[in-house]
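Taking it in order: structure first as structure tokens, then the write-up.
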Amino acid sequence: MTPLDPVDVAGRVVQLLESGRRESTYKLATLLALVDICVENTTAPDGSLIVPVNEITHRIVAYYWPQVRVFNDHGRLSQNKSGRSIPDRIADVRIKLAAESLRTAEAAREAERPDYVRLIRSLRLTVAQQPLTHLQTVPHVRDRDTRDDFLFDASGFHKKMTVGEVDRIGTITLRPGIPEGLRRTSALLRAFIRTAWTHDVVAFNRAELDAEDLDGFLFGTDRTALRSLVEPLRDLQNDLCFYCDRRMAGDVHVDHVVAWSMIPIDGVANLVAADSRCNLDKSASIPVRAHVDRALERPHLTEIARTTRLPLLYRRTSSAADGLFASLPVGSILWRGVRDYEPHTA
């Protein structure tokens, strides 16, 4: 099979999502997980990428983790048409682990609490039986088993898989050209998938939901989970804003250097203290590489991670930044400071 051009990869993914109805948001979560994994990881010499089913499951859990909060007066939002869902199972564990001050999915993963480990083992079977089995199914054909396996060979996956079968298979292998295509078109695909996800949630809940507010809720970070970082980061930075080096007033913001909207990493290596002026101006912009490098070079990050019970995620932040900047077209606008931008160069 000839590797696809990145634009063709994106086009095929969009066509796959638009050509059939969805019973849940699981396919969207799976695709978003694969996009993030491709941004963060280097391919094999032939352009393929082996991805453990466990890793896909961890990423899916991380996306749903903040989404199981109560949304305004609507309560917990439904993400499927009927039955107990993946988010429902995540919500039960999230409540238990919050009592242990483990407030993010990454923190729960790193702590390896039995409740979280059992959750992943249970959900990876669901992920194998449902989204990985049906992700590439061609709709509206007589043969219900017809698939267009352009992303990965899904012939070993089926809706009645056992735990033993998932253990035996263990991974998927993204075909040559697919990881590069997903990485290079990650910004476009992420925006498309988020829009589709938001529309699906509106449809599943049959309620008057504002799409803009809902998008912010579904894909924005849970700031309350990061409050424990305010004082340690403030002390580390000598009460100076990470970006402008000015003394911070009372309203200190914890900001993701590599924007959460670009790739969600709630790790201490990716989090800085900033004043409201810089943080609000930066918003979801991609920063200049120098800001990311400075964030990664800070001392005492491991100690802060230990005392706040938030994971460091140094390697993930570094590799995500490498992938993100490598995928940017030359000339893309990067944020340096308040009302100060510069073009990206190769």
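Residue 121 in the UniProt record's numbering is what sits at position 121 of the sequence shown, and the numbering runs on without skipping anything.
C-beta atoms are modelled at their ideal positions from N, C-alpha and C, and glycine is treated no differently.
All values derive from a computational prediction rather than experimental measurement.
Quick one: what does DSSP say TRP335 is sitting in, helix, strand or coil? If DSSP states are grouped into helix, strand and coil, TRP335 belongs with the strands.
Can you give me the C-alpha to C-alpha distance between ALA274 and ALA225, rounded to a whole angstrom? The C-alpha of ALA274 lies about 17 Å from the C-alpha of ALA225.
Residues in its own chain within less than 6 Å of ARG194 by CB, not counting five upstream and five downstream? These residues qualify, in order along the chain: PHE219.
Cβ separation of ARG113 and LEU102, assumed to be a contact under 8 Å, to the nearest whole Å: Rounded, the Cβ-Cβ distance is 7 Å, consistent with contact.
Cutoff 8 Å; reference HIS158; Cβ partners in own chain excluding five residues on either side: These residues qualify, in order along the chain: GLN129, THR133.
Thinking LEU312 and VAL268 are a contact (beta carbons under 8 Å), I'd like their distance in whole angstroms, please. Cβ atoms of LEU312 and VAL268 come within 8 Å of each other, at about 5 Å.
CA-CA distance, CYS278 and GLY337? Taken atom to atom, the span from the alpha-carbon of CYS278 to that of GLY337 is near 7 Å.
Range of the contiguous alpha helix (DSSP H) that encloses VAL202: For VAL202, the uninterrupted alpha helix (DSSP H) segment begins and ends at 186-205.
Which value, in whole angstroms, describes the spacing of the CA atoms of LEU296 and LEU97? Distance between the alpha carbons of LEU296 and LEU97: 28 Å.
Beta carbon of LEU182, beta carbon of VAL14: below 8 Å? Taking 8 Å as the Cβ cut-off, LEU182 and VAL14 do not qualify as a contacting pair.
If you draw a straight line from the C-alpha of GLU303 to the C-alpha of ASN238, how long is it? Roughly 16 Å separates the two Cα atoms.
Return the first residue and the last residue of the beta strand (DSSP E) that ILE50 is part of. Segment 49-52, the beta strand (DSSP E) holding ILE50.
Can you tell me where the alpha helix (DSSP H) holding GLU40 begins and where it ends? Annotation for GLU40: the continuous alpha helix (DSSP H) segment containing it runs 26-40.
How many whole angstroms separate the CB atoms of TYR341 and HIS291, which I take to be in contact at a CB cut-off of 8 Å? Wrong, their Cβ atoms sit about 13 Å apart, outside the cutoff.
ARG294 by DSSP, collapsed to three states: which one? Helix.
Measuring CB atoms only, is the segment 30-42 touching the segment 55-68, in the sense that at least three cross pairs come out at less than 8 Å? When Cβ pairs closer than 8 Å are counted between the two stretches, the segment 30-42 is seen to touch the segment 55-68, the count reaching three or more.
Would ASP266 pass as a contact of ARG339 if the rule is Cβ separation under 8 Å? Going by C-beta atoms, ASP266 is not nearer than 8 Å to ARG339.
Helix or strand or just coil, what does DSSP make of ASN279? Here DSSP, grouped into helix, strand and coil, assigns ASN279 to helix.
Have a look at SER48, THR104, LYS81, GLU100 and flag the residue whose alpha-carbon is nearest the alpha-carbon of ARG69. Out of SER48, THR104, LYS81, GLU100, THR104 has the C-alpha closest to the C-alpha of ARG69.
Among LEU328, ASP215, ASP153, PRO3, which one has its Cα closest to the Cα of residue 349? There is simply no residue 349 to check, as the chain begins at 1 and stops at 346 in what is shown.
Give me the Cα-Cα distance between SER327 and THR43, rounded to the nearest whole angstrom. Take the alpha-carbon of SER327 and the one of THR43: they are about 14 Å apart.
Going straight from the alpha carbon of LYS81 to that of PHE204, what length do you get? So the two alpha carbons sit approximately 6 Å from each other.
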